[in-house]
Amino acid sequence: MIDADTLTMLHEARAAEKAQALFYRALAAEAEQRGDAAHAERFNDLHADEQHHLSRLTARLLELGSPLAELGGMQGERVGMEGWEPAARSREEAEIVRYEALLGRSPDEQTAALLREIVETERNHARELGGKWTPA
15 MIDADTLTML HEARAAEKAQ ALFYRALAAE AEQRGDAAHA ERFNDLHADE QHHLSRLTAR
75 LLELGSPLAE LGGMQGERVG MEGWEPAARS REEAEIVRYE ALLGRSPDEQ TAALLREIVE
135 TERNHARELG GKWTPA
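Residue numbers (the working numbering): 15 to 150.
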């Protein structure tokens with residue numbers, strides 16, 4: 015059983031993953047527009063990982079019987095390719111803090127396993143600023 019505060023934090027993490035996916039998708043679109051295939055691939059890989067986290071958190075919240083907030087109208091932060099690295103690193107570090115805090119709340123084992131998987135990916139993102147760390 016997950017307490018109400020932990021459940022709220024899981025919903026916040028889900029919304030943050032949506033924001034993160036939008037952040038990387040915007041960067042990928044800019045790179046594609048510029049004809050920068052290497053950066054486009056890098057951003058699309060990061061986007062895919064964040065989208066995967068969003069999907070996994072959504073599924074877990076549904077398994078817990080928690081109604082989901084509509085995230086379709088969210089807007090992502092836009093920084094542009096010139097300033098993306100410090101912004102991305104800061105965002106990834108914030109995600110690590112978020113998931114470590116969630117793990118510190120001692121959720122049920124199924125949720126904890128999911129959070130451990132996500133935080134490991136986020137650590138890789140922060141270190142490498144690259145994606146494709148999530149298992150298919």
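Glycine included, every Cβ here is placed at the ideal spot set by N, Cα and C.
**Prompt:** residue 32 by DSSP, collapsed to three states: which one?
**Reply:** helix
**Prompt:** Hey, which unbroken runs of the alpha helix (DSSP H) at 4 residues or more fall wholly within the stretch 90 to 127?
**Reply:** Counting whole runs of 4 or more residues, the stretch 90 to 127 contains the alpha helix (DSSP H) stretches 98 to 118.
**Asked** For the alpha helix (DSSP H) that contains residue 63, what are its first and last residues?
**Response** 51 to 77
**Message:** Relative to the C-alpha of residue 32, which candidate in 44, 70, 51 and 143 has its C-alpha closest?
**Reply:** 70
**Asked** Per DSSP, what kind of secondary structure is residue 19 in: helix, strand or coil?
**Response** helix
**Message:** Just to confirm before moving on: does the CB-CB distance between residue 63 and residue 145 stay below 8 Å?
**Reply:** yes
**Prompt:** residue 84 by DSSP, collapsed to three states: which one?
**Reply:** Secondary structure at residue 84: coil, using DSSP grouped into helix, strand and coil.
**Classification of residue 74 by the beta-carbon crowding that lies within 10 angstroms, buried from 16 upward** = buried
**Asked** residue 66 to residue 93, Cα distance in whole Å?
**Response** 22 Å
**Message:** Among the candidates 78, 122, 98 and 130, whose CA atom is the shortest distance from the CA of residue 112?
**Reply:** 130
**Asked** Roughly how many angstroms lie between the CA atoms of residue 106 and residue 136, to the nearest whole one?
**Response** 6 Å
**Distance between beta carbons of residue 143 and residue 102, contact taken as under 8 Å** = 6 Å
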